[in-house]
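Note sheet for the following structure.
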Amino acid sequence: MTRTRIAAALVMAPVAIAAIWFLPTPWMMVAAAAVFLAGLWEWFDLAEVDDSLAKWVLLIANLGLMVAIVWASRSREGGTLVLYQVGSLIGVIWWLVALFWLGRYNFGSNHQSWARAVKLAAGTLAVVPAWCALTWLHADGDNGHRWLLTSLAAVWAADTGAYFAGRHLGRHKLAPRVSPNKTLEGLAGGVIVGTIVALLFSLLAGATTGDLPKVALVAAASILVSVIGDLFESLLKRHAGKKDSGTLIPGHGGVLDRIDAVLAALPVFALGKALLGL
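Terminal number for the sequence shown in my numbering: 620, no gaps in between.
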């Protein structure tokens with residue numbers, strides 16, 4: 343990791359943690375929407391949408407979908423999380439589909455209109471369900487913000503663990519055609535480190551010792567799926583002939599380069615937490 347990358351991370355992480363910890367859910371939703379839509383804008387570039395007007399129309403359409411979910415979830419009793427839960431389930435299904443896409447490298451690699459349309463649909467299926475899952479986690483109970491932090495800490499730690507494990511122990515390539523630097527050893531290291539961090543943070547969120555096996559299962563599953571998100575963005579970049587999704591963040595590339603794994607992990611963590619009664 344370069345000094346620039348570490349310095350940028352030292353700035354971004356405290357800001358993200360402070361937002362999760364102190365912002366009420368409505369404002370957290372707004373902040374998350376801004377970040378996720380910034381990543382979606384870069385996704386449009388990877389889908390080879392060059393016209394600025396077209397990108398603005400697509401961005402506003404996705405924002406409109408988020409606003410529609412908020413509006414439809416309101417009630418006299420204070421609102422419901424059902425649509426956010428449905429959105430999270432859709433997200434889990436989408437990332438399982440994306441796994442099959444990764445096994446078919448050339449699918450969508452041409453520059454025809456149908457390939458662009460499929461990638462644009464994939465962008466919506468990645469971003470909106472992740473935003474729904476984030477909202478669900480943050481709004482669910484008094485410790486919702488702590489559970490959201492647990493889910494994100496697991497992914498962040500897994501990324502660091504995978505980097506160092508892959509660098510020092512990596513021998514076997516995970517997906518050489520999509521991301522040559524990723525290894526099976528790095529994946530294993532990321533899952534182990536991320537799961538340990540999730541266990542520690544879950545205690546802060548109110549988990550009991552009896553809950554820890556469930557937390558480990560949910561964390562490991564979300565970390566594994568986060569790798570699909572990372573690899574899928576790498577696939578899009580290779581199709582588009584780009585190294586990074588953007589240049590906004592020094593040492594890190596674009597916004598999408600930082601949130602690709604999070605987009606995939608959040609729906610899995612939120613749904614797994616609910617199913618296992620955490």
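Idealized CB from N, CA, C, for every residue including glycine.
Quick caveat, the model's predicted, so the values are computed rather than measured.
Proximity below 9 Å, CB of residue i to CB of residue j
i    : j    : result
T301 : A562 : Residue 301 is absent from the model: the chain starts at 343 and stops at 620.
L578 : K461 : yes
V539 : A495 : yes
W443 : L467 : no
L605 : G445 : no
W478 : Q427 : yes
D572 : S493 : no
L620 : W489 : yes
M408 : A375 : yes
W385 : L598 : yes
V377 : I601 : yes
L423 : I570 : no
Exposure of residue i, with buried meaning 16 or more beta-carbon neighbours within 10 Å
i    : result
S451 : exposed
I402 : exposed
S417 : exposed
G420 : exposed
H621 : Missing from the structure shown is residue 621; the chain here goes from 343 to 620 and no further.
L613 : buried
A475 : buried
P471 : buried
V357 : exposed
D393 : exposed
M343 : Interpretation of M343 is limited by its pLDDT of 47, a score under 50 that renders its predicted location unreliable; the figure taken from the coordinates is listed afterwards. So M343 counts as exposed.
N404 : buried
W413 : exposed
V567 : buried
Closest Cα partner of residue i within the set the options
i    : options                : result
A360 : H487, R446, R416       : H487
G596 : L388, Y426, W436       : L388
V557 : A472, A616, F364       : A616
I565 : V610, W489, Y447, F386 : V610
A481 : L554, S415, L467       : S415
G583 : E390, G528, A517       : E390
A603 : V469, P518, T551       : V469
A507 : A540, W489, G532, W473 : G532
T502 : A530, W473, I411, L425 : A530
F449 : G483, H581, K585       : H581
F574 : L618, L554, P518       : P518
L618 : S587, Y447, M371, P555 : P555
N523 : T550, F378, S576       : S576
R513 : L400, E527, L425       : E527
D484 : R600, S568, T367       : T367
I432 : L516, Q454, A464       : A464
A500 : I534, G406, K585       : I534
A355 : A504, Q454, L491       : L491
V560 : R458, L541, L425       : L541
L459 : A410, A504, L400       : First, the amino acid is wrong: residue 459 is Ala here, not Leu. Considering only alpha carbons, the answer is L400.
Segment limits, alpha helix (DSSP H) that includes residue i
i    : result
K584 : Unbroken run through K584: none, as it is neither H nor E.
G381 : 367-388
H480 : 455-481
Y447 : No alpha helix (DSSP H) holds Y447; DSSP gives it neither H nor E.
L613 : 597-617
Cβ-heavy atom distance, residue i to the ligand FAD, below 8 Å
i    : result
A616 : The ligand FAD is not among the ligands present in this structure, which contains no ligands whatsoever.
Open item on the list: Could you tell me which whole alpha helix (DSSP H) segments of length 4 or greater appear in the stretch 510-573?
Closed with: 526-546
Open item on the list: Restricting to runs no shorter than 3 residues, where is the beta strand (DSSP E) found entirely within the stretch 398-427?
Closed with: none
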